[in-house]
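Undergrad:
Residue numbers (full-length UniProt numbering): 1 to 660.
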């Protein structure tokens, strides 16, 4: 009874939910059409009575071999062409810069109340006159500011789009001392990029001592200074190992190193003690201060911090949508483990602020990791050492599952599954410089019917990884078809005793129960298209409480409200922060629209790859949230963040989400 046609669906939304008006309009149109048809029939009858029109002459050349008109035959031969389903990413999307929706910007020194100490001096291009800025500033979006209510102070002052809640006489920013005192000394968001560290990275002055030591040993183990030539006197198998491995155990002089040296006596001497090269005298090393063994003896695998997350619910790193506000939503609904978005190691090493923003950790994320993407051991090992020294994480994950061409063609992501030498060097190198566990996320393989994960997983365990996550699809499958959980179960048995998490097609507690019965250590809720966590972030609650939650449209709208509040806290409550929050909200709405309310389903549960027909919700808001029209997503954002700027444009990241 909820099914409807595409035209009725969009007419209902255009009418603002007034179904009676829509039906009346339809009836009026039908009545008018009937009247026009009757008048036309009457005219034809009158004309037929008066005179009979002459027969139309058809030239012989217009007739085909069968004697029928070629034009008519062509019309009949034409069949409606099925619309090809859009896939992939919308490349070259329009980038909305702050100048697009805010022509005049106030100087940061004025916002912070120190206009006499402008950071830019006489060359400042920003506005210093508050009155002139307020005259051109867009109208406020509401009477209450989430930053002022939560923290007792809004650091955005007059630029806040809710400034009337905390502006006093003379445009002074009001501070609620009692509330602000509760947050003094508390670090809400960690892993920020300091200016000093950014300067060191840009000037290449950061010290990568452990990584350089590993890379020197790696180059020496090849026997040719790193050119990849064959060492003399080695068999083919020994040469393959020496060319693609540098044993992390050789980086220290502890007892573990001695035992391995005896077992692997055929290895080159450089691998057994890479810390000192031939002919190098320890007395020539310059030292400052007391001599310690911290830089000479690394932690053994048994001394490293353990990653004990078996049986926990793991929210996977979700590019674009897995931002900090979204992770806070999932954490509130019961996610146990969270991970930041995929970060490119070369961008982190260059000190790019936008890439470092992906590593930020909220104080509510008790088990948190970061995911790195790279194709070469030098950049990945250095990046691992950089993060080990500068940020607080519980584990570091290597992305060996990304299927997109931009990453794959550079040798990263899924391509590492076909580059076993580089893959081994990366895992061993990162493990040698990290004090936290190292995990790896892989797919079943690159080609659709050729699974290779079961061959790689034992090697990953040998190389020193603490855990593997297996996505039950190949690169060619991307996010289509069903995940192969039988194959995941086989790999879980092979991986033992190393934990293996399964990933793919988890959209209900029943799916999670079936997944756990395969023998995996846990399940990862990730971004399969459609994506489980993005479609219904309350999935974690359903799994823990073992029930189907028939969540109402008002409850779902409250979740969106919380997301916007978290977004304003994270990205800011000025115009730039509001529009950035709107952008990520719209990206999330492109997945949320695929959720089908439990009360409307004929059978439970909803399957993750099912595309529903057009249906009417139980109220206007539920119907609006089911729309796959970009304009309707923008309408929802305007209900939360006010009207969009006049020159606003939005194109979803995925083509599959952008059809009407």
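Quick reminder that beta carbons are idealized off the backbone N, C-alpha and C, glycines included.
(1) What is the DSSP secondary structure of residue 631, reduced to helix, strand or coil?
(2) Cβ of residue 551 within 8 Å of Cβ of residue 538?
(3) Rounded to a whole number of angstroms, what is the C-alpha to C-alpha distance between residue 414 and residue 562?
(4) Within 10 angstroms of its Cβ, does residue 210 collect 16 or more other Cβ (buried), or is it exposed?
(5) Report yes or no: do the region 153 to 162 and the region 565 to 574 share at least 3 C-beta pairs separated by less than 8 Å?
(6) Under the three-state reduction of DSSP, which class applies to residue 662: helix, strand or coil?
(7) Is the number of C-beta pairs between the region 348 to 361 and the region 177 to 192 that are closer than 8 Å three or more?
(8) Assuming residue 446 and residue 314 make a contact with CB atoms under 8 Å, what is their CB distance in whole Å?
(9) Less than 8 Å between the CB atoms is what I'm expecting for residue 507 and residue 606, so what's the real figure, rounded?
(10) Closest by CA to residue 492, which one among 474, 510, 461, 482?
(11) According to DSSP, residue 476 sits in a beta bridge with which residue or residues?
(12) Along the beta strand (DSSP E) that carries residue 351, what are the first and last residues, could you check?
(13) Can you list, in chain order, the residues of its chain whose CB lies under 8 Å from that of residue 72, leaving out five sequence neighbours each side?
(14) Would you list, in sequence order, the uninterrupted beta strand (DSSP E) runs of no fewer than 3 residues that lie entirely inside the region 405 to 492?
(15) Looking only at its chain, what residues have a beta carbon closer than 6 Å to the beta carbon of residue 622, apart from the 5 residues adjacent to it on each side?
(16) Below 6 Å CB to CB, which residues in the same chain sit around residue 566 once its five sequence neighbours on both sides are set aside?
(17) Assuming residue 397 contacts residue 371 under a Cβ cut-off of 8 Å, what Cβ separation, rounded to an integer in Å, is found between them?
(18) Could you tell me whether the region 418 to 433 touches the region 337 to 353, where touching means 3 or more Cβ pairs closer than 8 Å?
(19) Which residue's Cα is closest to the Cα of residue 353: 384, 197, 217?
(20) Measure from the alpha carbon of residue 635 to the alpha carbon of each residue in 9, 16, 4, then state which is nearest.
(21) Taking 7 Å as the line, does the beta carbon of residue 455 fall inside it for any heavy atom of the ligand HEM?
(22) Applying the 10 Å Cβ sphere with the 16-neighbour rule, what's the burial state of residue 435?
(23) Please name the residue, chosen from 433, 317, 105, 617, that lies closest to residue 384 on a Cα-to-Cα basis.
(24) Can you tell me whether residue 113 is buried or exposed, with buried defined as 16 or more other CB within 10 angstroms of its CB?
(25) Rounding to the nearest angstrom, what Cα-Cα distance links residue 118 and residue 105 in this structure?
(26) Under 8 Å by Cβ, that's how I've got residue 540 and residue 330 pegged, so tell me the actual separation to the nearest angstrom.
(27) Compute the distance between the beta-carbons of residue 443 and residue 473, then report whether it is under 8 Å.
(28) From this set, 395, 355, 380, which residue's C-alpha is nearest residue 338's C-alpha?
(29) So who's on the other strand from residue 131, going by DSSP bridges?
(30) Inspect the beta-carbon positions of residue 640 and residue 467 and report whether they are closer than 8 Å.
(31) Let me make sure I understand the geometry here. Which of 391, 399, 366, 389 has the alpha-carbon closest to that of residue 376?
(32) Quick one: what does DSSP say residue 343 is sitting in, helix, strand or coil?
(33) Quick check: residue 633 and residue 589, are their CB atoms within less than 8 Å of each other?
(34) From the DSSP output, read off the bridge partner residues of residue 525.
(35) Excluding the five sequence neighbours on either side, which residues of its own chain have a C-beta within less than 7 Å of the C-beta of residue 175, listed in chain order?
(36) Taking the alpha-carbon positions, what's the residue 146 to residue 549 distance?
TA: Looking at the atomic coordinates:
(1) helix
(2) yes
(3) Rounded to whole angstroms, residue 414 to residue 562 spans 35 Å at the Cα level.
(4) buried
(5) yes
(6) No information on residue 662 is available, as it lies outside the stretch 1 to 660 that the chain covers here.
(7) yes
(8) Between residue 314 and residue 446 the Cβ distance is about 24 Å, and since that is not below 8 Å, they are no contact.
(9) 6 Å
(10) For residue 492, the nearest C-alpha among the options comes from 461.
(11) According to DSSP, residue 476 bridges with nothing at all.
(12) Residue 351 -> no beta strand (DSSP E), and no H or E assigned at all.
(13) Interpretation of residue 72 is limited by its pLDDT of 48, a score under 50 that renders its predicted location unreliable; the figure taken from the coordinates is listed afterwards. Once the five neighbours on either side are set aside, residue 72 has no close Cβ partner at all.
(14) 438 to 443, 467 to 471
(15) These residues qualify, in order along the chain: 553.
(16) 325, 328
(17) 4 Å
(18) no
(19) 197
(20) 16
(21) In the structure on display, the ligand HEM does not appear, and there are no ligands present to speak of.
(22) exposed
(23) It is 433.
(24) When all chains shown are included, residue 113 counts as exposed.
(25) 14 Å
(26) 6 Å
(27) yes
(28) Minimum Cα distance to residue 338 is reached at 395.
(29) Beta-bridge pairing links residue 131 to no other residue.
(30) no
(31) Here the closest residue by C-alpha is 399.
(32) strand
(33) Taking 8 Å as the Cβ cut-off, residue 633 and residue 589 qualify as a contacting pair.
(34) 315
(35) 152, 153
(36) 29 Å
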